[in-house]
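Residue numbers (my numbering), protein chains in the order written: chain A, 359 to 745; chain B, 5 to 215.
A short worksheet on the structure shown next.
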Amino acid sequence: MEKVYYLDNAAATRLDEQVLEVMTPLYFDRYSVATSEFGYSLGVEAKEALDDARTRLARALGANSQEFIFTSGSAESSNLALKGVAKALGAKKGKHLIVSKIEDFPVLYSARTLEKEGFTVDYLDVDGDGLVDLEKLQTLISPETILVSIQHGNQEIGTLQDIAAIGKICHDQGVLFHTDATHTFMRVPLDVTAVAVDLITVSAHTLHGPKGIGGLYVKKGTALAKIMDGGFQEFDLRGGMDNIPGAVGFAKAAELVTADENIRLAAMRDKIITMVSDQIPDVILNGHPRQRTPQNANITFHYVEGESITLHLDMYGIAVSTGSACFSRSLEASHVIAAIGGDHERAHGSIRMTVGRFNTMEEVIFVVETLKKVVENLRKISPLGKE
Amino acid sequence: MASPYNDLVLEHFKNPRNTGRIEDPDGKATEGSPACGDMVSLYLKVDPETKVIDDIKFESYGCASNIATGSIITELAKGKTIDEAKNITWQEASEALGGLPKIKAHCSVLAVEVLRSAIQNYEEKHGLVTEKVVTTEEIVRKRLKKVMNPIKGLDMVATHLVKEIDITGGVVRIIIDLPATHQFANAIKEDAVEKIESLWDIDRVIVEFTD
Numbered sequence: 359m360e361k362v363y364y365l366d367n368a369a370a371t372r373l374d375e376q377v378l379e380v381m382t383p384l385y386f387d388r389y390s391v392a393t394s395e396f397g398y399s400l401g402v403e404a405k406e407a408l409d410d411a412r413t414r415l416a417r418a419l420g421a422n423s424q425e426f427i428f429t430s431g432s433a434e435s436s437n438l439a440l441k442g443v444a445k446a447l448g449a450k451k452g453k454h455l456i457v458s459k460i461e462d463f464p465v466l467y468s469a470r471t472l473e474k475e476g477f478t479v480d481y482l483d484v485d486g487d488g489l490v491d492l493e494k495l496q497t498l499i500s501p502e503t504i505l506v507s508i509q510h511g512n513q514e515i516g517t518l519q520d521i522a523a524i525g526k527i528c529h530d531q532g533v534l535f536h537t538d539a540t541h542t543f544m545r546v547p548l549d550v551t552a553v554a555v556d557l558i559t560v561s562a563h564t565l566h567g568p569k570g571i572g573g574l575y576v577k578k579g580t581a582l583a584k585i586m587d588g589g590f591q592e593f594d595l596r597g598g599m600d601n602i603p604g605a606v607g608f609a610k611a612a613e614l615v616t617a618d619e620n621i622r623l624a625a626m627r628d629k630i631i632t633m634v635s636d637q638i639p640d641v642i643l644n645g646h647p648r649q650r651t652p653q654n655a656n657i658t659f660h661y662v663e664g665e666s667i668t669l670h671l672d673m674y675g676i677a678v679s680t681g682s683a684c685f686s687r688s689l690e691a692s693h694v695i696a697a698i699g700g701d702h703e704r705a706h707g708s709i710r711m712t713v714g715r716f717n718t719m720e721e722v723i724f725v726v727e728t729l730k731k732v733v734e735n736l737r738k739i740s741p742l743g744k745e
Numbered sequence: 005m006a007s008p009y010n011d012l013v014l015e016h017f018k019n020p021r022n023t024g025r026i027e028d029p030d031g032k033a034t035e036g037s038p039a040c041g042d043m044v045s046l047y048l049k050v051d052p053e054t055k056v057i058d059d060i061k062f063e064s065y066g067c068a069s070n071i072a073t074g075s076i077i078t079e080l081a082k083g084k085t086i087d088e089a090k091n092i093t094w095q096e097a098s099e100a101l102g103g104l105p106k107i108k109a110h111c112s113v114l115a116v117e118v119l120r121s122a123i124q125n126y127e128e129k130h131g132l133v134t135e136k137v138v139t140t141e142e143i144v145r146k147r148l149k150k151v152m153n154p155i156k157g158l159d160m161v162a163t164h165l166v167k168e169i170d171i172t173g174g175v176v177r178i179i180i181d182l183p184a185t186h187q188f189a190n191a192i193k194e195d196a197v198e199k200i201e202s203l204w205d206i207d208r209v210i211v212e213f214t215d
């Protein structure tokens, strides 16, 4: 295979060999279901492996092992958080939820589904950098409000929310707080003993772990009803076959992330942003200039369209993504760029580059140099930006 | 690599023909807008005697199929008379490229449209055009035929999306037979507004959905 420059690590990541190594025996040697302590030895061992993974992941969040349940990924975790709280509290407390306008689709579309079922949802505005309006949040909370769901770091523009402040506002008014930490888990510190939060969505697919495994932190005592019926797995909050290799791989993946690695990712991110700003005219950085995830750079190139950029880059083996409508399956431009006040043109010319463990500084430099050429060529044939 | 585009489309995308501007063109037009993420400008040089398109250039702000269809339309039109060029259809443009993904068929419509507009611009400048006509339902419907329904890859009139058209005092009201929450609702709405609002006697376009 030709050399690939993969800068789409927010979408999926290459598995780390060390993760595969701990998973393999669970497919070939200790492959059984997790049984109770009265079951056969193989099943007891499987149960121990699952519990051990759970404990380690819970600890990474400062939580107890009974507070972490495994799911099939972040989409399921967020579905369970929103729909599970709605189911548990809808009749008892109220039918109002608040989510931000820039949430990822699992939160956004769970909210829309709940609206169809008679709940009301407020979609909280963000400012030009992507930060939610805390004062507005305060005024939106009512006695009817059962849940606030605001992400930790944004999937497209990388902006980090002040979730400590958001959690405090929620808890002061007795409202549950869920945060989608898919793009921040292990990358940005998050400790439930320091932040008032009740539910946290996490996933292995962004951390060089396996696909199809995620988790939901559920603070002890949180009102949550199950939405997936099955056996009594996951403290009876999520029925279905235990994904033990996935769980063990997830725990390993989380442990492989170090503070040094996050510093290295941030350095590559900053290299992209400064090189592009210095060498390519007419660009805008999307997202907060400082408060952003270490892996994310998102830049709009005026006068050119994102699908054309990505297709040209692809011919060099470079993988990035764009918020352009032309690139999407629905012909809808990015809702995130729209929410930060960008017009369609800003979304159309936006390119997201997200770095990961297996990227190097040399790769990043090559990508920006290629990007410079591609943008120059496309601008030559563009009717915009000429006089 | 499994690309949604065939090799010919990719070839035109990588090496688009006839790009750039013509200084002092005989006819020119721009269709689309940065807002729809799809914009093509086209410039013509026409032989005053034979009415043959001697030179043609285009500029594109858009995706790969926008660039490729701009490129092919210039190749198809070059050397034809303006009357021949007017009759090039979007299906012909698409076929000349060996086909486009359904969701991108609107790009070939845009390319054909900009060619026709540039010819119209030439005709207007050279006193070859009839005067302004008052907008009727038929004219609106004709324009909406240029709006793609990405669900089917055909225009919104042919696919029965247009439920009602009302024209009262410079305001056009269109009812589209789709729920407002449909994934393509906004894209179709924007495109429809774009096509109608440029009519000389129309001040406002209202698009509504059935729910």
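The C-beta atom is built at its ideal place from N, Cα and C for all residues, glycine as well.
Check	Outcome
CA-CA distance, B/Gly66 and B/Ile107?	14 Å
Between which residues of its own chain and A/Ser423 is the CB-CB distance below 6 Å, once the five residues before and five after are set aside?	Arg412, Thr413, Ala416
Taking contact to mean at least 3 C-beta pairs separated by less than 8 Å, is the region 515-530 of chain A in contact with the region 396-413 of chain A?	no
For the candidate residues A/Ala617, A/Ile621, A/Asp556, whose alpha-carbon lies nearest to that of A/Asp538?	A/Asp556
Could you list which residues in chain B have their beta carbon closer than 8 Å to that of A/Val733, in chain order?	Within chain B, no residue comes near A/Val733; the closest Cβ sits about 12 Å away, beyond 8 Å.
What does the Cβ neighbour count give for A/Ala625, buried or exposed, with the cut at 16 atoms within 10 Å?	exposed
Taking 8 Å as the CB-CB limit, is A/Leu669 close to chain B?	yes
Counting only Cβ pairs nearer than 7 Å, list the residues of chain B close to A/Glu665.	Cys67, Ala68
Out of curiosity, what's the CA-to-CA distance linking A/Arg750 and A/Val479?	No statement about residue 750 of chain A is possible, as the shown extent of chain A runs from 359 to 745 and does not include it.
Quick one: list the residues of chain B neighbouring A/Ile739, beta-carbon separation under 9 Å, in chain order.	Pro20, Thr23, Gly24, Phe62, Glu63, Ser64, Tyr65, Ile71, Gly74
Taking all protein chains shown into account, decide if B/Ile210 is buried (16 or more other Cβ within 10 angstroms of its Cβ) or exposed.	exposed
Would a check of beta-carbon distances place A/Glu690 closer than 8 Å to chain B?	yes
Between which two residues does the alpha helix (DSSP H) holding A/Thr382 run?	375-386
Could you tell me the boundaries of the alpha helix (DSSP H) in which A/Ala421 lies?	From DSSP, A/Ala421 is part of no alpha helix (DSSP H); its letter is neither H nor E.
I'd like to know if B/Thr78 contacts chain A, where contact means its C-beta is closer than 8 Å to some C-beta of that chain.	no
Whole angstroms are fine: how far does the CA of B/Leu119 sit from the CA of B/Ala33?	8 Å
Near B/Gly24, what residues of its chain come up, given a Cβ to Cβ distance below 6 Å and the 5 sequence neighbours on each side ignored?	Lys61
Hey, quick one: how far does the alpha helix (DSSP H) through A/Thr497 stretch, first residue to last?	492-498
Spatial neighbours of A/Lys569 within its chain, please: CB distance less than 8 Å, with the 5 preceding and 5 following residues excluded, ordered by chain position.	Ala370, Gly431, Ala562, His563
Where A/Gln649 and A/Tyr389 are concerned, what is the direct C-alpha to C-alpha distance, given to the nearest angstrom?	43 Å
Could you check whether the region 710-728 of chain A touches the region 613-628 of chain A, counting it as contact only if at least three pairs of C-beta atoms, one from each stretch, sit closer than 8 Å?	yes
Does the region 38-55 of chain B come close enough to the region 725-732 of chain A to have 3 or more Cβ pairs within less than 8 Å?	no
Are the beta-carbon atoms of B/Val116 and B/Met152 separated by less than 8 Å?	no
I need the DSSP call for A/Asn654, collapsed to helix, strand or coil.	strand
Counting only beta-carbon atoms, is B/Phe17 nearer than 8 Å to chain A?	yes
Using the Cβ count rule (16 or more neighbours within 10 Å means buried), how would you classify B/Leu132?	exposed
Within 10 angstroms of its Cβ, does B/Trp204 collect 16 or more other Cβ (buried), or is it exposed?	exposed
Going by Cα to Cα distance, which pick from A/Val732, A/Glu721, A/Val380, A/Asp600 is closest to A/Tyr661?	A/Val732
What's the gap between the Cα of A/Glu703 and the Cα of A/Ile676?	23 Å
If you run the structure through DSSP and keep just helix, strand and coil, what is A/Leu582?	coil
Quick one: using the 10 Å Cβ neighbour count with 16 as the cut-off for buried, is B/Asp195 buried or exposed?	buried
Go ahead and label B/Phe213 buried or exposed: buried means 16 or more other beta carbons lie within 10 angstroms of its beta carbon, across all protein chains shown.	buried
So is A/Arg737 buried or exposed if we call it buried at 16+ other beta carbons inside 10 Å?	buried
Spell out whether any CB of chain B is found under 8 Å from the CB atom of A/His702.	yes
Identify every run of the beta strand (DSSP E) within the region 513-579 of chain A, keeping only runs that are complete inside it and at least 3 residues long; order them along the chain.	534-538, 557-561, 572-576
Give me the residue from A/Phe428, A/Ala446, A/Val457, A/Glu461 with the minimum Cα distance to A/His541.	A/Glu461
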